[in-house]
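Chemist: Below is one structure. I have some questions about it.
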Amino acid sequence: MDLMIQSTVLDTIEGGVVLAIKVEDLSIQAYIVISKIDLSVVEKIIPQGIFESDAQVHVAGLSRGADITEEIVQILENMESGDVVAYLCEDALIYGEALAALGIKH
Numbered sequence: 001m002d003l004m005i006q007s008t009v010l011d012t013i014e015g016g017v018v019l020a021i022k023v024e025d026l027s028i029q030a031y032i033v034i035s036k037i038d039l040s041v042v043e044k045i046i047p048q049g050i051f052e053s054d055a056q057v058h059v060a061g062l063s064r065g066a067d068i069t070e071e072i073v074q075i076l077e078n079m080e081s082g083d084v085v086a087y088l089c090e091d092a093l094i095y096g097e098a099l100a101a102l103g104i105k106h
């Protein structure tokens with residue numbers, strides 16, 4: 001599926017950025033960081049209030065050898081407006097690929 005992804009940087013966080021993402025009629029927030037792929041990282045980067053809200057929190061570990069764009073699109077296709085996603089990128093190269101896939105020049 002070819003998605004028109006529009007992203008805007010909302011904030012910088014330790015190891016990455018927070019993006020507002022629009023994909024057709026979908027509006028979500030994404031946390032993209034360079035990090036080990038570990039769920040405990042998600043609790044550190046996403047504010048507690050989001051976990052207490054009605055938003056679904058999606059998590060994806062992005063690593064070498066994977067089709068980064070495909071993994072990102074698969075997650076986006078399963079999200080609803082208001083949801084939040086955390087992309088944990090294995091290294092700086094993967095982080096750059098993830099940002100590019102989300103329409104951000106890095």
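Residues 1 to 106 in UniProt numbering are what the sequence shown lists, from first letter to last. Yeah, the Cβ is synthetic: ideal placement off N, Cα and C, and Gly gets one too. All figures in this text were calculated on a predicted structure; none of them were measured in a lab.
1. Can you tell me whether Met79 is buried or exposed, with buried defined as 16 or more other CB within 10 angstroms of its CB?
2. Under a Cβ-count criterion, where at least 16 other Cβ atoms within 10 Å of its own Cβ denotes burial, should Met1 be classed as buried or exposed?
3. What's the call for Val84, buried or exposed, on a 16-neighbour Cβ count within 10 Å?
4. Skipping 5 residues on each side, what residues in its chain have a beta carbon closer than 7 Å to that of Ile34?
5. Which residue marks the beginning of the alpha helix (DSSP H) containing residue 113, and which one marks its end?
6. Taking Cβ positions, are Ala101 and Val42 nearer each other than 7 Å?
7. Please go through the same chain and pick out, in chain order, the residues whose beta-carbon is closer than 6 Å to the beta-carbon of Val57, but skip the five residues on each side of it.
Modeler: Based on what the coordinates show:
1. Buried is the label assigned to Met79, since at least 16 other Cβ atoms lie within 10 Å of its Cβ.
2. With a pLDDT of only 49 at Met1, under 50, the local geometry of the prediction cannot be trusted, and no value is derived from it.
3. With 16 or more Cβ atoms within 10 Å of its Cβ, Val84 is classed as buried.
4. These residues qualify, in order along the chain: Gly15, Gly16, Cys89, Asp91, Ala92 and Tyr95.
5. Lying before the first or after the last residue shown, residue 113 is absent from the chain, which here runs from 1 to 106.
6. 7 Å or more divides the Cβ of Ala101 from the Cβ of Val42.
7. Close CB contacts of Val57 within its chain, under the 6 Å cut and outside five residues either way in sequence, are with Val84 (chain order).
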